[in-house]
Amino acid sequence: MQLASSMARLGTETAFNVLARAKALEAQGRDIIHLEIGEPDFDTPRNVIDAGIAALRSGHTHYTPAAGIPALREAIAEEVSRTRGIAVGPQNVVVVPGGKPIIFFSLLALAEAGDEVVMPNPSFPIYESMVRFVGAKPVFVPLVEEQGFGFDLDVFADSLSDKTRLVILNSPSNPTGGVLHQDQIETIARLLADRPRAMVLSDEIYSRMLYVGKHHSIAAQPGMLERTLILDGFSKTYAMTGWRLGYGVMPEPLAQAVTQLQINATSCVNAATQMAGVEALRGPQTDVDHMVEAFLGRRDRIVAGLNAIPGVRCVLPEGAFYAFPNISELGISEQAMADGLLQEAGVAVLPGTAFGSFGRGYLRLSYANSVSNIDRALERIDGYVRRLGRA
Ligand code: PLP
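Counting along the sequence shown from 1, when you hit position 216 you're at 215 in numbering that gives the first Met the number 0, and nothing is skipped either side.
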């Protein structure tokens, strides 16, 4: 089969490949603990499910406006204005199937050959994949363990150039759980003031999963609202990964371009899902608070457990639901260890390099799993490491 040459530049999200391998082992009767895929193990809140069902029953089974139904765009604009301290309206909102299409559409709308896109490394693999796909060049800012996986701002300053078209930020971060603090965001905004051509894609999909302090968006910095595209969605916050519901909040001309891409790609998000999204935002938030509280307890458990394994060290993530332990002292590559843990110990994890070359020497473990599964996984990882030591 001859494919377009651009397909050779398209990457992937390894989590889905590892999930498929883990499922295949389960089909053979193996017991696998899933710490690979980044999705809450909780059910979607009951009131949201009920709203989706009621929407289907009451005839929300047709096309909707491409950018989303007015009620949802309004609810999103209000939520984002309130939580980020900015003033945006429904005209700035585009509702899409999951957070991912915002990455796809924003790169298609903004970047092309000759452009540079500055982004963290390690980071969500779809950023690099899409940057390369549109023919632009990724410029990596390493996230350094010694700095709690924050941005090294000197390196960031050096990475900007006249060719910078887009800067991608992700706080709290996948895969490290690191967070950009207010002073760092202020510095990034100051540095970008000298680069008027550079836009920002601020991936804030984990903004509710924050264990220290308050979420800060670069969109609230002076002069940045007109240059920032906020990505957020329902997958993580409301345990709605399978519903496929996310959104971007952006300057109106960009919202029109992204809407046009959506018309070409998917027409709109399914109508009942959008109605469920309105309920998620406007209804009670107690389920979200409980999930975040549970993630906090699991974070402490998994990080303590990893640090108790000889040769493994893990910084305490401030947000999201991922631990990113350093395994470089074990004398085994992250890929070999991820393979070994899956095949020999029945624990599915991702190698740090699934998120870029600066993930070498690390694993990513999603702790969106029950405490009992986390404890069983820790026991298995400990046993695997001890066997490695004896080998
Ligand atoms: N951005 C980041 C940083 C993510 O980790 C993910 C999902 O893992 C997404 C975006 C996409 O989320 P969705 O499943 O809503 O497309």
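Each residue gets a CB set at the ideal place from its N, CA and C atoms; glycine is no exception.
Range of the contiguous beta strand (DSSP E) that encloses E115: Position 116 of the sequence shown, counting from 1, holds the residue named residue 115. E115 to N120 is the span of the beta strand (DSSP E), which, as asked, contains E115.
Pairwise C-alpha distance: R20 and A256: As a working mapping, residue 256 is identified with position 257 in the sequence shown. As a working mapping, residue 20 is identified with position 21 in the sequence shown. Answer to the nearest angstrom: the Cα atoms are 38 Å apart.
Check: I75 C-beta below 6 Å from any heavy atom of ligand 1: Mapped onto the sequence shown, residue 75 falls at position 76. For ligand 1, not one heavy atom lies less than 6 Å from the Cβ of I75.
Residues that H33 bridges to, as DSSP identifies them: Numbered from its first residue, the sequence shown carries residue 33 at position 34. Answer by DSSP bridge pairing, in chain order: A347.
Close-in-space but distant-in-sequence residues of the same chain around F139 (CB under 6 Å, 5 per side omitted): By one-based count along the sequence shown, residue 139 stands at place 140. Answer for F139: N120, listed in chain order.
Segment limits, beta strand (DSSP E) that includes T163: As a position in the sequence shown, residue 163 is number 164, starting the count at 1. Start and end: T163 to N169.
Residue nearest to G177 in terms of C-alpha spacing, selected from E328, I331, F148 and Q27: To locate residue 177, count along the sequence shown from 1; it is residue 178. Here the closest residue by C-alpha is F148.
Inter-residue spacing [alpha-carbon to alpha-carbon] between T272 and D42: Locating residue 272 in the sequence shown gives position 273, counting from the first residue. Locating residue 42 in the sequence shown gives position 43, counting from the first residue. Their Cα atoms are separated by approximately 15 Å.
Distance between A344 and I331 (C-alpha atoms, nearest Å): Mapped onto the sequence shown, residue 331 falls at position 332. Mapped onto the sequence shown, residue 344 falls at position 345. Their backbone Cα atoms lie some 15 Å apart in a straight line.
The segment 281 to 298 contacting the segment 53 to 65, beta-carbon criterion three pairs below 8 Å: no
One or two residues paired with G247 in a DSSP bridge: Here residue 247 refers to the residue found at position 248 when the sequence shown is read from its first residue. In the DSSP output, where bridge partners are listed per residue, G247 has V93 and L230.
Stretch-stretch touch, CB-based, cutoff 8 Å, three pairs: the segment 216 to 226 with the segment 17 to 36: no
Any heavy atom of ligand 1 nearer than 6 Å to the CB - residues listed: G37, G97, G98, K99, F123, N169, N173, D202, I204, G232, S234, T240 and G245
Separation of H33 from E378, as counted between CA atoms: Counting from 1 along the sequence shown, the entry for residue 378 is found at position 379. Counting from 1 along the sequence shown, the entry for residue 33 is found at position 34. Cα-Cα distance, rounded: 14 Å.
Which of helix, strand or coil DSSP assigns to A322: As a working note, residue 322 is residue 323 in the sequence shown. Strand, per DSSP.
Alpha carbon of V92 to alpha carbon of Q259, nearest angstrom: The count along the sequence shown starts at 1 and reaches residue 92 at position 93. The count along the sequence shown starts at 1 and reaches residue 259 at position 260. C-alpha separation (whole angstroms): 13 Å.
L228 vs M249 beta-carbon contact at 7 Å: Counted from its first residue, the sequence shown places residue 228 at position 229. Counted from its first residue, the sequence shown places residue 249 at position 250. Contact: yes.
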